[in-house]
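So the structure is just underneath, and the comments pick up after that.
2 protein chains.
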Amino acid sequence: MGRPKQFDPDAAVEQAMQVFWRKGYAATTPQDLVDALGIGKGSLYNAFGGKHALFERALRRYRDSQALALVEMIEEPGPVRERLRRTLGLLVELDLADPDRRGCMAVNTAAELAGTDEIAADLVRRMFDRTEAAFRALVGEGQRSGEISPDRDARALASMLLSTGVGLRLLARVATGPDRLDRVIEATIDSL
Amino acid sequence: MGRPKQFDPDAAVEQAMQVFWRKGYAATTPQDLVDALGIGKGSLYNAFGGKHALFERALRRYRDSQALALVEMIEEPGPVRERLRRTLGLLVELDLADPDRRGCMAVNTAAELAGTDEIAADLVRRMFDRTEAAFRALVGEGQRSGEISPDRDARALASMLLSTGVGLRLLARVATGPDRLDRVIEATIDSL
DNA sequence: CTTATTTTGTACCCACAGGTAAAGAAATGG
DNA sequence: CCATTTCTTTACCTGTGGGTACAAAATAAG
Chain R
5 MGRPKQFDPD
15 AAVEQAMQVF
25 WRKGYAATTP
35 QDLVDALGIG
45 KGSLYNAFGG
55 KHALFERALR
65 RYRDSQALAL
75 VEMIEEPGPV
85 RERLRRTLGL
95 LVELDLADPD
105 RRGCMAVNTA
115 AELAGTDEIA
125 ADLVRRMFDR
135 TEAAFRALVG
145 EGQRSGEISP
155 DRDARALASM
165 LLSTGVGLRL
175 LARVATGPDR
185 LDRVIEATID
195 SL
Chain W
5 MGRPKQFDPD
15 AAVEQAMQVF
25 WRKGYAATTP
35 QDLVDALGIG
45 KGSLYNAFGG
55 KHALFERALR
65 RYRDSQALAL
75 VEMIEEPGPV
85 RERLRRTLGL
95 LVELDLADPD
105 RRGCMAVNTA
115 AELAGTDEIA
125 ADLVRRMFDR
135 TEAAFRALVG
145 EGQRSGEISP
155 DRDARALASM
165 LLSTGVGLRL
175 LARVATGPDR
185 LDRVIEATID
195 SL
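The listed protein sequences derive, respectively, from chains R and W. For the first sequence, the tail end lands on 196 under our numbering, and the numbers increase by one without skipping. For the second sequence, the tail end lands on 196 under our numbering, and the numbers increase by one without skipping.
In structure tokens:
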């Protein structure tokens, strides 16, 4: 009952995600959001409650699309080292191909809001946990298949891969070309 | 000639650095700066020109104090692996001991401003270059001393160490304890 | 002591961030 | 077709971000 929405809330959250991803939280204004979502300010506040609540939804959407896609890529079948190389290589490629060089929204959010926004910090923390878990499964698989020495601490390797991945995506924000990033991948694979 | 300044500009830039480091660029207001520096708004704008110019000076100061200290720590004498462990270990310790969990200002700036602020991006890029160069020298030394296999690509290893370091400091912003960070260090040392 | 130069404090300013209020429009149930 | 509910539009509002203007104060040079 009542008047139906004139816009698709999911599509609106998607647009909001794009804006927050590109500009960050503090630098995004209500006007930016109104312009990007193509709806009136009234509708925006009626539907989402406010800037922070919308950001939260945008970040969840990022988790359910981008972060999930990364995990699924790690979990694909195939030789472990090759999979890792393809995954990291694709990240670098996409990051550098992006004209806005937005990097990873989870990483950017950690850097911008971890100190002041407990909700955002928590969401990011959990995304990192999931990614690390995927890396850990990958390492375990590599150890069973003989691609990675069973002597090495799988948990520690998974944490290292997470750190390297996070570092890669942050370096991509200021990189002038692929060289350094490619070297990171090369050395990481060689280190397993 | 003319009336002398009533405050120490270096001390003021130091305070500004602390504020920007803690809150980020966009979230820092002129009022925050006036409060932290303990000078009037007139003096602030007369002496520094504006928020962005002051931020630039604060970031340079960060480079000349914090980032330089890291490079110097990497360059200290002693066994290579031990030095690396101590350096990364100290970073983690300091990051976790900081009640505000500010992490690394260069990393935070890369995440917040790389897309929109060419000056800041350039400063950060150069800090990363210097840190990588220090890592590269460290790796070369390790290869000459036999601590690191000469078969490995020193440049690639240096890039990987930079990426891991950057990742570590970002992970520290959302970490709930030292465990994951310690594992990153452990696996990194074991990977050389 | 005067003049020229710089700093400082106070007052002021405009745009916009972030959001609220209220009235009208579009649905649905009875 | 009336009542109710929800969405939309437009108007409005307060606080503050980021900065400027200006007079008064403090120096140094001559």
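Think of the CB as a built atom: it goes at the ideal place given N, C-alpha and C, for glycine as much as any other residue. Computed from a predicted model, the values in this text were never measured in an experiment.
Nearest chain W C-beta to residue i closer than 7 angstroms, yes or no?
i, result
"R:G119", "yes"
"R:V143", "no"
"R:V170", "yes"
"R:E116", "yes"
"R:S167", "yes"
"R:L58", "no"
Please report the distance separating the alpha-carbon of residue i from that of residue j.
i, j, result
"W:R129", "W:A162", "15 angstroms"
"W:D194", "W:G146", "14 angstroms"
"W:A73", "W:R89", "16 angstroms"
"R:G42", "R:F11", "9 angstroms"
"W:A176", "W:R105", "7 angstroms"
"W:A138", "W:A124", "21 angstroms"
"W:M21", "R:K45", "36 angstroms"
"R:A115", "W:V111", "7 angstroms"
"W:D36", "W:F132", "29 angstroms"
"W:N126", "R:G181", "Checking the sequence shown, residue 126 of chain W turns out to be Asp, not Asn. When rounded, the distance between both Cα atoms is 14 angstroms."
"R:A141", "W:L63", "40 angstroms"
"R:V143", "W:A191", "12 angstroms"
"W:T120", "R:C108", "16 angstroms"
"W:P83", "R:E60", "47 angstroms"
"R:W25", "W:L58", "26 angstroms"
"R:E122", "W:V38", "27 angstroms"
"R:V17", "R:A51", "11 angstroms"
"W:R65", "R:P13", "45 angstroms"
"W:T148", "W:A158", "According to the sequence displayed, residue 148 of chain W carries Arg and not Thr. Near 11 angstroms, if we compare the C-alpha coordinates of W:A158 and W:R148."
"R:Y49", "W:G171", "36 angstroms"
"W:E97", "R:A15", "43 angstroms"
"R:V75", "R:R156", "22 angstroms"
Are the C-beta of residue i and some C-beta of chain R separated by less than 7 angstroms?
i, result
"W:A160", "yes"
"W:G54", "no"
"W:M131", "no"
"W:A51", "no"
"W:M21", "no"
"W:R85", "no"
"W:S195", "yes"
"W:S163", "yes"
"W:E190", "yes"
"W:G28", "yes"
"W:L98", "no"
"W:A31", "yes"
"W:L175", "yes"
Please classify residue i as buried or exposed, where buried requires at least 16 neighbouring CB atoms within 10 angstroms.
i, result
"R:L196", "buried"
"R:K9", "exposed"
"W:A101", "exposed"
"W:S153", "exposed"
"W:G6", "exposed"
"W:G28", "buried"
"R:T33", "exposed"
"R:L166", "buried"
"W:A31", "buried"
"R:E136", "buried"
"W:A40", "buried"
On a Cα-Cα basis, can you pick out the residue from the options that is closest to residue i?
i, options, result
"W:A160", "R:T168, R:A31, R:R159", "R:T168"
"W:L94", "W:G150, W:D14, W:R173", "W:R173"
"W:A118", "R:E79, R:V75, R:A179, R:E151", "R:A179"
"W:H56", "W:T113, W:M164, W:R156", "W:T113"
"W:G150", "W:V96, W:V188, W:I78, W:R85", "W:R85"
"R:D197", "W:V188, W:A71, W:M164, W:R184", "Here chain R covers residues 5 to 196 and nothing more, so residue 197 of chain R does not appear."
"W:V188", "W:D155, W:P103, W:L92, W:R134", "W:L92"
Worksheet entry | Contiguous alpha helix (DSSP H) assignments of at least 4 residues, all confined to the stretch 98-127 of chain W | 109-117
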